[in-house]
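Listed below in structure tokens is the structure:
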């Protein structure tokens, strides 16, 4: 019987476990930050700004981050991104503990974390094909996609209990150390360094990326679809903590509700994989969007 890929491939296994640890911490931090701002201000507008400053760096730097990643050692981007995020979150925990964290400081911190994430994610995506054989790449991508569901389910449950019983500060501390542990796990990884051709300029590489997307209509349409989903999706995640607060429920229930979204994603993915019509994928996607709208 063949070993699971995360055990058979040391480099990929360390990368995957490192991401799992940091993404669990991510979910705890996200819950803690939204709950902290909501209790501090009792305003849905201020909570929505947390989401704005989280997503803004991806919008601003997402188009150039891939070009940057191609020119620098991917391993050190991954390790240093996790380490710096860990130190930043631990600093946040200390400022909240001594009650010296202004509201603008919260937005600045989530913006900085968003910048690290905007660089970290392309580095991960570019590293996987370099450390996994082509015939096992499909399995590697399946493992990568499972990270979001695992962190959503377990991170939400643990985050709700952690915030409810130990408070926001300790939630930030756990998240900070999760990043540092992740960076330590990633240190032994060996990712081949593809030396960049110094003759091509940064702006030329960026233009080539846009030209490639423009030529490939399938990718262009998928990007447009993801833009729409990411525009209308985040408000749903903002509504959940506000509903919990308005119903005078404990933060533990916030964890449960967030966990139910993650469980629904897993169940939905399994159902879609088994019942999607072969020749009517677009029609089926449209049907699912309509169903989502009716539920909302």
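In this note's numbering, the protein residues as written are 524 to 819.
All residues carry an ideal CB built from backbone N, CA and C; glycine is no exception.
The continuous alpha helix (DSSP H) containing residue 705 extends over residues 691–709. At a Cβ-Cβ threshold of 9 Å, residue 604 and residue 665 do not count as neighbours. In the DSSP assignment, residue 605 falls within the unbroken alpha helix (DSSP H) covering 597–620.
Here residue 801 carries a coil assignment [DSSP, helix/strand/coil]. Nearest to residue 778 by alpha-carbon distance, out of 792, 763, 790, 573, is 763. Ranked by Cα distance from residue 695, the first of 802, 540, 608 is 608.
For residue 544, same chain residues with a beta-carbon under 6 Å away, outside a window of 5 residues either side, are 701, 704, 705 in chain order.
Contact fails between the region 534–541 and the region 684–699, because fewer than three Cβ pairs, one in each stretch, are under 8 Å apart. Sixteen is the threshold: since fewer than 16 other Cβ atoms of the shown chains lie within 10 Å of the Cβ of residue 627, the residue is exposed.
Look at residue 566 here: in three-state DSSP terms it is coil, with no helix or strand label. With respect to the 9 Å criterion, residue 584 and residue 632 are not classified as neighbours on the basis of their beta carbons. Measuring C-alpha to C-alpha distances from residue 679 to each of 654, 617, 549 identifies 549 as the nearest.
For residue 643, the uninterrupted alpha helix (DSSP H) segment begins and ends at 626–654.
In terms of Cβ geometry, residue 570 and residue 581 do not form a close pair [threshold 9 Å].
Put simply, the region 672–689 touches the region 769–787. At least three CB pairs are less than 8 Å apart. Distances from the CA of residue 595 to each of 546, 558, 650, 606 were compared; the closest alpha carbon is that of 650.
According to the DSSP assignment, residue 664 belongs to the alpha helix (DSSP H) that extends over 660–673.
In this chain, residue 770 is not harboured by any alpha helix (DSSP H), its DSSP state being neither H nor E. When secondary structure is reduced to three states using DSSP, residue 763 falls in the helix class. Residue state for residue 532 is assigned as coil, using DSSP reduced to three classes. Its Cα nearest to that of residue 690, the residue 557 stands out among 742, 557, 669. Taking the Cα positions, residue 530 is about 38 Å away from residue 740. The C-beta distance from residue 616 to residue 699 rounds to 6 Å, short enough to meet the 8 Å contact threshold.
DSSP, read as helix, strand or coil, puts residue 559 in helix.
Here the alpha carbon of residue 709 sits roughly 9 Å from the alpha carbon of residue 540. Ranked by Cα distance from residue 564, the first of 765, 532, 711 is 765.
The three-state reading of DSSP puts residue 591 in helix, counting H, G and I together. In this structure, residue 714 lies near residue 653, with their beta-carbon atoms less than 9 Å apart.
Looking only at 655, 620, 597, 808, the smallest Cα-Cα distance to residue 752 is reached by 808. In its chain, beyond the 5 residues on either side, 596 have a beta carbon closer than 6 Å to the beta carbon of residue 716.
Restricting attention to 644, 566, 572, the CA atom closest to the CA of residue 599 is found in 644.
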